[in-house]
Amino acid sequence: DVGHGGCQVVNFYSLYESEVNDWIQQQMQKYKKKIRPDASRLLVSKAGTGLSGLSSEIEKLCLFVGEKEHIEAIDVTETVSSNREANIFELMDAIGQKKTQQAIKVLNDLLSQKEEPVKILFMITRHLRNIFKLKLLQKQGVPPAQIWKTLKINWPVQQTSLLKQAEFHQEQDLRNVFTLLLETDISLKSQDSKLYFVVMEVLIFRLCQK
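The working numbering runs 1090 ahead of the 1-based position in the sequence shown.
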């Protein structure tokens, strides 16, 4: 559409799902990429049919695969987040940078979305383990390329984020954290579900203070 003064106005709206896959293929051509049908369907299931969100995810996806011409379902799985997954990664980032209030807010959002506390705890544990491994490998003088290969973290944005978060943590504190995570796991499995938020909230307060 053309607005006042001859300026082009781009409308981002939702298409029917049957139309979206054709639109995705057209967008991929701009990046000189092709996407397999199953990958396209997975992209829609994760990002929805809103063209603004899809456009952003397509750009991110094409940057992620680099020189690779054909985008597959595994690329979508590794790159594109659903809203719930996005909140989990936001929680990891907040904990990594010891932003207590932000972490509590995101935790509340996740639990209200019926995310399982045990799954959240697993993600926190894995994330902090990656930070711990990163610090150990850096201390040993391992080259960055080998570090990311060991941690299986390929996306530059994730690498930059983890490096930033590692600055907030001391090696000895991280060693102590794993005992706390184990205690929380035991507590979740023995407590009434009504107390899950309290258990997780206490964990986050303690993680962000360490």
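Glycine residues also receive a C-beta, built at the ideal position from the N, C-alpha and C atoms.
What you are looking at is a predicted structure, and each value in this text was computed from that prediction instead of being measured.
Buried versus exposed call for residue i [16 or more other C-beta atoms within 10 Å across all chains shown]
i, result
"Leu1282", "The question names Leu, but residue 1282 is Asp in the sequence shown. Per the 10 Å Cβ criterion, exposed."
"His1160", "exposed"
"Gln1116", "exposed"
"Lys1158", "exposed"
"Pro1234", "exposed"
"Lys1242", "exposed"
"Pro1207", "buried"
"Thr1167", "exposed"
"Val1267", "buried"
"Thr1269", "exposed"
"Ser1130", "buried"
"Thr1250", "exposed"
"Gln1262", "exposed"
"Gln1191", "exposed"
"Gln1299", "exposed"
"Glu1273", "exposed"
"Gln1255", "buried"
Proximity to residue i [Cα-Cα], best of the options
i, options, result
"Lys1150", "Val1170, Leu1226 and Gly1186", "Val1170"
"Lys1279", "Val1110, Arg1296 and Leu1211", "Leu1211"
"Leu1253", "Thr1139, Gln1119 and Gly1186", "Gly1186"
"Ser1153", "Lys1284, Leu1272 and Tyr1121", "In the sequence as displayed, the identity of residue 1153 is Leu instead of Ser. The residue with the shortest Cα to Cα distance from Leu1153 is Tyr1121."
"Gly1156", "Met1182, Lys1124, Leu1285 and Leu1272", "Lys1124"
"Arg1219", "Leu1264, Thr1274, Lys1284 and Asp1183", "Leu1264"
"His1259", "Glu1109, Lys1188 and Met1182", "Lys1188"
"Pro1031", "Gly1140, Gln1119 and Asn1111", "For residue 1031 there is no data in the structure shown, the boundaries of the chain being 1091 and 1300."
Three-state class that DSSP yields for residue i in the structure shown
i, result
"Gly1143", "helix"
"His1259", "coil"
"Lys1188", "coil"
"Ile1210", "helix"
"Ile1161", "strand"
"Lys1204", "coil"
"Gln1249", "helix"
"Asp1282", "coil"
"Lys1242", "coil"
"Val1232", "coil"
"Val1155", "helix"
"Val1170", "coil"
"Val1099", "Caution is warranted here: a pLDDT of 40 is assigned to Val1099, below 50, making its placement in the model unreliable, and the coordinate value is therefore given only provisionally. Coil, per DSSP."
Strand pairing of residue i, partner residues [DSSP]
i, result
"Ile1237", "Per DSSP, none; premise fails for Ile1237."
"Ile1125", "Ile1161"
At least three beta-carbon pairs within less than 8 Å, the segment 1193 to 1212 to the segment 1162 to 1171: no
Taking three-plus beta-carbon pairs below 8 Å as touching, is the segment 1176 to 1189 in contact with the segment 1240 to 1247? no
Touch test, the segment 1222 to 1229 against the segment 1128 to 1139, Cβ-Cβ under 8 Å, three pairs minimum: no
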